[in-house]
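Participant:
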Amino acid sequence: MLQISLIDETFNGLNSEHYKLTIQFLPDGFSYTLLDNVRKKYVMLKHYQFKNNEKTLDEINGILATDKLFNFKYESVRTFIFTKNITIIPSVFSDREKISKFTTFNFGEINSNESYECKAAFDSTLAFCLEQNIIKILSSLNCHIFYPHAITVLAEAQKDCLQKENCTGMYLSLLSGNAEVVVVKNSKLQLFNIFQYHSEDDLCYYFIYLFNLFQFDKEKTPVTVSGITQKNDSRLVKIEQFINKLQFSKPSSKYIYSYRFNEVPKHHFSNLFIMPYEDNKR
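Residues 15 to 296 (the numbering used here) make up the sequence shown, in order.
1. Starting from T139, follow the beta strand (DSSP E) in both directions and report where the run begins and ends.
2. Near K60, what residues of its chain come up, given a Cβ to Cβ distance below 6 Å and the 5 sequence neighbours on each side ignored?
3. What are the complete alpha helix (DSSP H) segments, minimum 4 residues, inside the region 229-261?
4. I'd like to check one pair, Y88 with Y271: are the Cβ atoms closer than 8 Å?
5. Once the 5 residues before and after N221 are set aside, which same chain residues still bring their CB inside 7 Å of it?
6. Could you name the residues of the same chain whose beta carbon sits closer than 7 Å to that of F160, not counting the 5 residues immediately before and after it, in chain order?
7. Have a look at E145, Q204, T24 and L188 and flag the residue whose alpha-carbon is nearest the alpha-carbon of Q261.
8. How is H282 classed by DSSP in three states: helix, strand or coil?
9. DSSP three-state label for Y164, please.
10. Put N207 into one of helix, strand or coil per three-state DSSP.
11. Please report the distance separating the alpha-carbon of Q146 from that of I37.
12. Using alpha carbons as the reference points, say which of N75, V196 and D42 lies closest to I165.
13. How many Å lie between L227 and K199 at the Cα?
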């Protein structure tokens with residue numbers, strides 16, 4: 015998948031002040047979508063696959079300079095950014111002084127990074143670091159609402175916990191070389207982690223370890239997968255040799271989606287749609 019551009023015929027740039035823009039920065043791609051906030055309908059989805067993962071900032075700047083959609087003014091702009099420099103903190107410990115100590119302890123003093131925090135699901139706070147170059151890009155977009163990408167996996171897990179009694183399962187956002195993982199048991203958060211893997215065996219062994227650690231039933235405990243992947247993905251095929259119940263993520267049912275979005279599997283970009291706009295809290 016190098017590039018997709020799905021635009022509903024009802025999109026009108028003259029109405030951009032009623033559109034909400036959501037952007038996603040991942041290690042191997044850049045995506046964004048537009049929500050018509052009057053009709054509560056998503057009217058556009060675009061994705062750019064990076065050609066050179068070593069020069070992602072250059073590619074992002076190139077996209078912003080050439081894609082005319084970034085010339086419009088929107089009602090709001092929010093961004094989900096992948097970062098491994100992230101830690102989860104129970105809200106009871108989330109005063110600013112303690113968060114600063116946690117961040118320094120976990121990530122050290124990195125002069126090129128900026129530290130932030132945001133509220134997350136399961137009564138928690140996420141402390142995270144972003145590169146200053148990324149912050150400059152966000153400023154150029156007038157984006158003042160931004161989160162670590164992994165917050166979307168937490169949001170999906172909490173959504174299921176609100177809908178199901180004694181919710182138990184694993185939630186996986188499958189990225190290139192990284193996996194964002196959330197484990198829930200009896201509707202309580204057990205684990206939040208970003209795992210770097212080097213092969214499909216590496217990823218599979220980690221999942222088996224987690225299933226054994228939390229004493230999950232390999233036949234019945236669901237694993238909900240999001241990201242640009244498919245049923246015959248060798249990474250998932252390997253996991254399914256040991257874990258039976260893999261299922262794909264679905265976008266939030268709170269909104270309407272353009273019929274054009276049916277041209278790609280729903281789970282490919284479900285992270286863009288999982289977190290309601292009402293949860294935009296910094």
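Cβ coordinates follow ideal geometry from the N, Cα and C atoms, glycine included.
Facilitator: Walking through what the data contain:
1. Residue mapping note: residue 139 aligns to position 125 of the sequence shown, counting from 1. It spans S138 to E145 - the beta strand (DSSP E) in which T139 sits, taken as one unbroken run.
2. For the purposes of this step, residue 60 is taken as residue 46 along the sequence shown, with counting starting at 1. If we look at K60 and ignore the five residues flanking it on each side, its Cβ neighbours are S19 and Y46.
3. 248-254
4. What you label residue 271 is simply residue 257 of the sequence shown in a count that begins at 1. What you label residue 88 is simply residue 74 of the sequence shown in a count that begins at 1. No. Outside cutoff.
5. The residue labelled residue 221 in the question sits at position 207 within the sequence shown. In the sequence as presented, Asn is not what sits at residue 221; that position holds Phe. Cβ neighbours of F221 beyond the five flanking positions: I253 and I257.
6. Indexing the sequence shown from 1 puts residue 160 at position 146. Excluding sequence neighbours, F160 sits near R92, T93, I95 and L152.
7. Here residue 261 refers to the residue found at position 247 of the sequence shown. Measuring from the Cα of Q261, the nearest candidate turns out to be L188.
8. Within the sequence shown, the letter at position 268 stands for residue 282. Residue state, collapsed to three classes: helix.
9. Taking the sequence shown and counting its residues from 1, the one referred to as residue 164 is at position 150. What sits at residue 164 in the sequence shown is Ala, not Tyr. DSSP places A164 in coil when its eight states are reduced to three.
10. One-based indexing of the sequence shown puts residue 207 at position 193. Here N207 sits in strand by DSSP.
11. One-based indexing of the sequence shown puts residue 146 at position 132. One-based indexing of the sequence shown puts residue 37 at position 23. Distance between the alpha carbons of Q146 and I37 is about 18 Å.
12. Reading the sequence shown from its first residue, position 151 is the one you call residue 165. With distances taken between Cα atoms, I165 lies closest to V196.
13. Numbered from its first residue, the sequence shown carries residue 227 at position 213. Numbered from its first residue, the sequence shown carries residue 199 at position 185. Going by the C-alpha atoms only, they are around 12 Å apart.
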